[in-house]
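Colleague: Quick note, the sequence shown lines up with residues 1 to 153 if you use full-length UniProt numbering.
Glycine included, C-beta positions come from ideal geometry on N, C-alpha and C.
I'd like to ask you about the structure that follows.
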Amino acid sequence: MDGGNEIVSGPRLIEDGEWAGWRTWAGLDPFEDQTGPFYFREEDGKVRCAFRAEPRHMNGGGFMHGGCMLTFADFSLFAIAWRELDNAKAVTVSLNGDFVGPAKSGDLVEATGEVVRAGGSMIFVRGLLSTGGQPMLTFSGVIKKIWTMGGPA
């Protein structure tokens, strides 16, 4: 998410294949399209994000590149805060992460988390990336809604 049209345009529901029933903002953010695609869905009131690791996501050691993990964590901030954003445009103002485990090509990488606080224009989120039930990255971040002259973007 870069503050583009992802939230305003709304996520698109995938209707078939491995990701049937998931949502994506694919086609709206060129950088995420290049890195992902990334997906999310709500389960029991909680958002879960996921993508399938590919060889292009790996570093020279054969493990997922840290930049890929952080890119997915940034996507996950917005997916986790999807309802709180309420169709407003927004940007990431802070993203922190601690790398705690690897992923390999072919792994299903997932993110879960929670909105810690949402008020005014700021939304605080924390979460966990994992694969096969093993933690990969803990993250926290802050999203700022962008306001225009006419009100919420």
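#1: Candidates I143, A50, G127, K145: which alpha carbon is nearest L137's?
#2: Taking the alpha carbon of Y39 as the point to measure from, which residue in G61, G60, H65, W82 has its own alpha carbon closest?
#3: Can you tell me where the beta strand (DSSP E) with I143 in it begins and where it stops?
#4: Ends of the alpha helix (DSSP H) at R83?
#5: Can you tell me which of the three DSSP states S130 falls into?
#6: Can you tell me which residues form a DSSP beta bridge with F40?
#7: If distances are taken between C-alpha atoms only, which option among V116, G132, V93 comes closest to residue 174?
#8: Identify whether F63 lies in helix, strand or coil by the three-state DSSP scheme.
#9: At which residues does the beta strand (DSSP E) containing E114 begin and terminate?
#10: DSSP puts M58 in a beta bridge; with which residues?
#11: Between the beta-carbon of S121 and the beta-carbon of K144, is there less than 9 Å?
#12: Tell me whether the beta-carbon of F139 lies closer than 9 Å to the beta-carbon of A73.
#13: Measuring straight from C-alpha to C-alpha, what distance separates A53 and A111?
#14: Please classify V109 as buried or exposed, where buried requires at least 16 neighbouring CB atoms within 10 angstroms.
#15: Let's test the definition: count the other Cβ atoms within 10 Å of the Cβ of A20 and tell me whether it reaches 16, buried, or not, exposed.
Modeller: Taking the coordinates as given:
#1: G127
#2: W82
#3: Residues 134 to 145.
#4: 82 to 85
#5: strand
#6: R23, C49
#7: An answer regarding residue 174 cannot be provided, because it is not within the stretch 1 to 153 covered by the chain.
#8: coil
#9: 108 to 119
#10: M64
#11: yes
#12: yes
#13: 13 Å
#14: buried
#15: exposed
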